[in-house]
Amino acid sequence: TLDDTRHLGASLHDEPLRWNLGPMSCVFIHGDLLLTADTSYLAFRRVIRNPLITTLSRWLPRWFVDAVVGRVRGRLDQGKALKPLERFDVDLSESARQLSQSDLLMCGHTHKPLETPLPGGGVLRVLPAFGTAGEYMLWDPERGWAAKKVSGSAGKHP
């Protein structure tokens, strides 16, 4: 959420976010959009990102929204353990479609780190799940990409 990112000096963007970093054209996306076999989660995601639901959540008391989100998150975590591991495989065809004439598709949160060339050119790089160790990628024009970790994350989402 926006409140979760302010203390990091981060900004939320619509996805996919397309950005040129030096000579490299990059696409940044949340990894769950690439897990096309997890149809139940993608349906849930469409509901919670519906503009009516997001507007309603801003008008409700914060304690109520937090309680509902906590219950739903708990159920999702329980359900995740029951899903076959194949549901967490990145769909390379969807990745190639999202890449769309860029050099690099960067995503996270698919639960399986990966780096692989995509059909038609370009590279998919999947970061480890953010909630486990607070990983992020940092671009340095002289050195390229470097994996970093949120200091003090202690295995929790910052």
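Here my numbering is used: the first residue of the sequence shown is 1134, the next is one more, and so on. Don't be surprised by glycine CBs; every beta carbon is placed ideally from N, CA and C.
Once the 5 residues before and after residue i are set aside, which same chain residues still bring their CB inside 8 Å of it?
i: L1154; result: W1272 and P1274
i: L1251; result: L1225, S1228, A1229, L1232, L1238 and L1257
i: K1216; result: D1171
Taking the C-alpha atoms as reference points, what is the distance between residue i and residue j?
i: G1288; j: V1205; result: Interpretation of G1288 is limited by its pLDDT of 42, a score under 50 that renders its predicted location unreliable; the figure taken from the coordinates is listed afterwards. In a straight line, the C-alpha of G1288 is about 21 Å away from that of V1205.
i: S1233; j: W1192; result: 38 Å
i: K1245; j: D1165; result: 11 Å
i: I1181; j: P1156; result: 36 Å
i: F1221; j: L1168; result: 6 Å
i: R1151; j: G1241; result: 15 Å
i: T1188; j: A1176; result: 19 Å
i: I1162; j: P1194; result: 30 Å
i: K1213; j: S1158; result: 33 Å
i: E1148; j: V1160; result: 9 Å
Identify which residue in the options has its Cα closest to the Cα of residue i.
i: D1236; options: G1255, L1247 and E1248; result: G1255
i: L1209; options: G1241, S1173 and P1194; result: S1173
i: V1223; options: V1160, A1170 and S1158; result: A1170
i: V1201; options: E1148, C1159, I1186 and T1249; result: I1186
Which of the three DSSP states, helix, strand or coil, is assigned to residue i?
i: D1136; result: Residue placement at D1136 cannot be trusted, given a pLDDT of 48 that sits under 50; what the coordinates show is reported in the next sentence. It is helical.
i: A1279; result: strand
i: D1199; result: helix
i: L1150; result: strand
i: D1273; result: strand
In chain order, what residues of the same chain lie with their CB nearer than 6 Å to the CB of residue i, ignoring the 5 residues before and after it?
i: G1253; result: A1229
So, for residue i: in the same chain, excluding its five sequence neighbours on each side, which residues have a beta-carbon less than 7 Å away from its beta-carbon?
i: D1199; result: none
Quick check on the DSSP output: what are the complete beta strand (DSSP E) runs of length 3 or more inside the stretch 1206 to 1261, in order along the chain? 1237 to 1241, 1247 to 1250 and 1256 to 1259
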